[in-house]
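Asker: Protein chains in written order, with my numbering: chain A, -7 to 236; chain B, -7 to 236.
Think of the CB as a built atom: it goes at the ideal place given N, C-alpha and C, for glycine as much as any other residue.
Keep in mind it's a predicted model, so treat the numbers as computed, not measured.
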């Protein structure tokens, strides 16, 4: 009878998870949750022609700090089919209230974005023999982004279980984990801090400066700042304007 | 009372469809069917690092010959997460019987390929305000490719209708058309010929020569040649070896 596994046996037992990592606050926390649940982490950052390349650098720093097994970048060129302030030349709205943000689907919406991100994660998962995918979508995005809703995640999971050779041949169920889906921004920050996420490495702003300073005025910055304020902790990243 | 619309009114009434176009026999026929159903065609060719770039050139020729409204290329880099003879350095199997082809999922399977292709089509459709997507999957691929089955297509459609701003805001249903799904290769060729597809422009081979000559021995070539033989029509493309 043995009670302790060797390190090697533990590593062999460890289940692999693909974690979608944008380099923002949410996906960094999602990664920390996957790690805390005992998964071996394979981080995937999809470059879809977004303007805020500061996020990509942030993703690399976060992945390294979290000790992932592997970090892949995948390129999907969504520019030109945009209609989104994140990929095209549409102004990012600034200084909006939460009510204004929730009034309509924002111009920062990227067509079918989460579907494309999850599809890339599905391909990566299959190549690894992984049956777990983590995505950092959350409640605050509900009003604006249809592909952040629980019913969307469930539908993607159902589709994914019919899509791959791995699912068909193994009979195992693939699972899309959205551990932040019912959390507020403050709860996500709280959770991340508990799990040792270094939020100084993360990037959230829709329009950072070349020095990766956040604007402090776009929806993403405002939600982030409000979250930190509610937790009662200072946001460790740099902003290009003085915060009030 | 008016019985005839002007050309301009017809164009304004015409519904847009995104057609996934690889440049192969199936997708060319799928495009012809969409056109025959009265859709204005927006062809999408996704480059996923496949080795047979002859297909991309074929796609451009087919799109032009079919008079599409627009033809887009989108790049998705699946190399490196491959495990597929189409994207990695695995030998393409040759000279197999249909039974051998259907015995297991082939090495030419690309992880989550149709999910990624359809996701890109979904993004393109949303940017156009289109609610119809055509994909040329068919019955012959069932045994081998899980993402060619009707239940997979239905699951993707259900997911897509929860995924996009367009679907949520309009209340309209997005539809994934798979008009070849219950056809044999011979029936597809017959259909294509009836609809005026110039199969001399199409490319099917998994390992064409630099001159775009087909090998005549890979699964794709063998299925194509068998299809033309059953229809009793000569395949108009060039093969690098003498056909029997």
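With DSSP collapsed to three states, give me the class of residue 220 of chain B.
Answerer: The answer is helix: DSSP assigns residue 220 of chain B an H, G or I state.
Asker: Is there a C-beta anywhere in chain A that falls below 8 Å from the one on residue 198 of chain B?
Answerer: Not closer than 8 Å to any Cβ of chain A, the Cβ of residue 198 of chain B fails to qualify, so no.
Asker: Using only the alpha-carbon positions, how far apart do residue 217 of chain A and residue 208 of chain A sit?
Answerer: Taking the straight line joining both Cα atoms gives about 8 Å.
Asker: Mind listing the chain B neighbours of residue 112 of chain A? Cutoff is C-beta to C-beta under 9 Å, in chain order.
Answerer: Going along chain B in sequence order, the residues near residue 112 of chain A (Cβ under 9 Å) are 68, 70, 73, 104, 108 and 111.
Asker: Between B:219, B:122 and B:7, which has its C-alpha nearest residue 177 of chain B's C-alpha?
Answerer: Ranking the options by Cα distance to residue 177 of chain B, first place goes to B:219.
Asker: What is the rounded straight-line gap between the Cα of residue 52 of chain A and the Cα of residue 16 of chain A?
Answerer: Using only the alpha carbons, I get a separation of about 11 Å.
Asker: Please list the partners that residue 160 of chain A has in chain B, where partner means a Cβ-to-Cβ separation under 7 Å.
Answerer: Those within 7 Å of residue 160 of chain A in chain B are 138.
Asker: Can you tell me whether residue 165 of chain A is buried or exposed? The criterion is at least 16 other CB atoms within 10 Å of its CB, across all chains shown.
Answerer: So residue 165 of chain A counts as exposed.
Asker: For residue 117 of chain B, which residues in the same chain have their Cβ closer than 6 Å to its Cβ, ignoring the five residues on either side in sequence?
Answerer: Result list for residue 117 of chain B: 10 and 125, in chain order.
Asker: In whole angstroms, give me the CA-to-CA distance for residue 215 of chain A and residue 228 of chain A.
Answerer: Each residue's alpha carbon lies about 15 Å from the other.
Asker: In this structure, does DSSP put residue 107 of chain A in helix, strand or coil?
Answerer: In the structure shown, residue 107 of chain A sits in a helix (DSSP, three-state: H, G or I).
Asker: Return helix, strand or coil for residue 144 of chain B, following the three-state DSSP convention.
Answerer: Helix, per DSSP.
Asker: Output, in sequence order along the chain, the residues in the segment 215 to 231 of chain B whose CB is closer than 8 Å to any CB in chain D.
Answerer: Considering every chain present, this structure includes no chain D. Its protein chains are A and B.
Asker: Would you kindly work out how many angstroms separate the C-alpha atoms of residue 236 of chain B and residue 210 of chain B, rounded to a whole number?
Answerer: Confidence in residue 236 of chain B is poor, its pLDDT being 46 and thus under 50, which makes the residue's placement unreliable; the coordinate value appears in the next sentence. Taking the straight line joining both Cα atoms gives about 15 Å.
Asker: My output table needs one value for residue 193 of chain B: the three-state DSSP class, helix, strand or coil.
Answerer: Reduced to three states, the DSSP call for residue 193 of chain B is helix.
Asker: Taking 8 Å as the CB-CB limit, is residue 92 of chain A close to chain B?
Answerer: Answer no: the Cβ-Cβ gap between residue 92 of chain A and chain B never drops below 8 Å.
Asker: So, do the segment 102 to 113 of chain B and the segment 134 to 149 of chain B have three or more beta carbon pairs nearer to each other than 8 Å?
Answerer: Touching, yes, given that three or more Cβ pairs across the two stretches are closer than 8 Å.
Asker: How about residue 23 of chain B and residue 68 of chain B: are their beta carbons less than 8 Å apart?
Answerer: Not a contact, by the Cβ cut-off of 8 Å.
Asker: Pick from A:122, A:50, A:223 and A:154: whose alpha carbon is nearest that of residue 180 of chain A?
Answerer: Out of A:122, A:50, A:223 and A:154, A:223 has the C-alpha closest to the C-alpha of residue 180 of chain A.
Asker: For residue 232 of chain B versus residue 206 of chain B, is the C-beta spacing smaller than 8 Å?
Answerer: Their beta carbons are under 8 Å apart, which means residue 232 of chain B touches residue 206 of chain B by this criterion.
Asker: Is the beta carbon of residue 123 of chain B closer than 8 Å to that of residue 64 of chain B?
Answerer: Not in contact: residue 64 of chain B and residue 123 of chain B (Cβ atoms no closer than 8 Å).
Asker: Does DSSP put residue 56 of chain B in a helix, a strand or coil?
Answerer: Residue 56 of chain B falls in the helix class under three-state DSSP.
Asker: Taking Cβ positions only, does residue 119 of chain B come closer than 8 Å to chain A?
Answerer: For residue 119 of chain B, the answer is yes, since a Cβ of chain A falls inside 8 Å of its Cβ.
Asker: Taking residue 197 of chain B as the reference, which of B:93, B:46 and B:56 has the closest Cα?
Answerer: Selected option, being the one with the closest Cα: B:46.
Asker: Excluding the five sequence neighbours on either side, which residues of its own chain have a C-beta within less than 6 Å of the C-beta of residue 127 of chain A, listed in chain order?
Answerer: Answer for residue 127 of chain A: 12 and 170, listed in chain order.
Asker: Looking only at DSSP bridge pairs, what is residue 10 of chain A linked to?
Answerer: Partner(s): A:34 and A:125.
Asker: So the candidates are A:26, A:87 and A:225; which of them puts its Cα closest to the Cα of residue 182 of chain A?
Answerer: Among A:26, A:87 and A:225, the Cα nearest to that of residue 182 of chain A belongs to A:225.
Asker: Is residue 45 of chain A close to chain B, meaning its C-beta is less than 8 Å from at least one C-beta of that chain?
Answerer: No, its Cβ sits nowhere closer than 8 Å to a Cβ of chain B.
Asker: So with CB distances below 8 Å, who are the chain B contacts of residue 154 of chain A?
Answerer: The contacting residues are 138, 139, 141, 143, 144 and 147.
Asker: Between residue 212 of chain B and chain A, is the shortest Cβ-Cβ distance under 8 Å, so that the two count as touching?
Answerer: Residue 212 of chain B does not count as touching chain A.
Asker: For residue 130 of chain A and residue 18 of chain A, what's the separation of their Cα atoms in angstroms?
Answerer: The straight-line gap from Cα to Cα measures roughly 8 Å.
Asker: For the beta strand (DSSP E) containing residue 168 of chain B, list its first residue and its last residue.
Answerer: From DSSP, the beta strand (DSSP E) with residue 168 of chain B extends over 167 to 169.
Asker: Would DSSP call residue 206 of chain B helix, strand or coil?
Answerer: Residue state, collapsed to three classes: strand.
Asker: Measure the beta-carbon distance from residue 21 of chain A to residue 172 of chain A and round it to whole angstroms, keeping in mind my assumption that it falls under 8 Å.
Answerer: Contact holds; Cβ gap of about 6 Å.
Asker: Out of curiosity, what's the CA-to-CA distance linking residue 1 of chain A and residue 85 of chain A?
Answerer: Because residue 1 of chain A sits at a pLDDT of 47, beneath the cut-off of 50, its placement in the model cannot be relied upon, and the following sentence gives the value as read from the coordinates. Roughly 51 Å between the two C-alpha positions.
Asker: Determine the DSSP secondary structure at residue 66 of chain A, reduced to helix, strand or coil.
Answerer: Three-state DSSP puts residue 66 of chain A in a strand.
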